[in-house]
Amino acid sequence: MAAPSTAFQNAIRSNSAARQLFVKLEHAEGDVLAWDGLGSYTLDSETYTGVQGLIGIEGISESYDVQEPGLSITLSAVPLSAITNTAQDVRGDELTIKAAWIDIETGLPVHTETIFGGHADKLKIMRSETDF
4 MAAPSTAFQN AIRSNSAARQ LFVKLEHAEG DVLAWDGLGS YTLDSETYTG VQGLIGIEGI
64 SESYDVQEPG LSITLSAVPL SAITNTAQDV RGDELTIKAA WIDIETGLPV HTETIFGGHA
124 DKLKIMRSET DF
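Residues are numbered in the numbering used here as their position in the sequence shown, beginning at 1, plus a constant of 3.
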């Protein structure tokens, strides 16, 4: 892994960058792109829909053991219209999770890192009283 850039190190030391998560599910009927901020954000020439800090990720770990770890992603308060084009069958679809440190003043990414790259297994939609 390459050493972090000087700009990234300075941003972390001065607390002028905030970490944001970006999730991309590549599906035949249309990609699902979400980030844990507010509004739309373009990262690496792709526009992500903000879910206002409501992304939860569990199960990312590193190990030297041969294992198949489970990874769960929760997208809370995502409008059903944003995922209805994505059929229930997502098995084998490419899934990428990136962490990006965004400069608080400029809104530009200081550093981006892929923290997970793999394939999806299943999509579980849990409806609530506040579905919209």
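Each residue gets a CB set at the ideal place from its N, CA and C atoms; glycine is no exception.
In the DSSP assignment, THR117 falls within the unbroken beta strand (DSSP E) covering 112-122. Among the bridge pairs identified by DSSP, GLY53 is matched with TRP38.
In this chain, the alpha helix (DSSP H) harbouring ILE15 covers 9-16. Residue state for SER43 is assigned as strand, using DSSP reduced to three classes.
Judged by pairs of C-beta atoms under 8 Å, the stretch 104-120 touches the stretch 17-27, as three or more such pairs exist. ASP106: member of the beta strand (DSSP E) spanning 97-106, first to last residue.
Per DSSP, reduced to three states, the secondary structure at ALA21 is strand. Within the DSSP secondary-structure output, GLU29 pairs in a beta bridge with GLU97.
Taking all protein chains shown into account, ASP47 has fewer than 16 neighbouring C-beta atoms within 10 Å of its C-beta and is therefore exposed. Restricting attention to GLN12, GLN55, LYS27, GLN23, the CA atom closest to the CA of GLY120 is found in LYS27.
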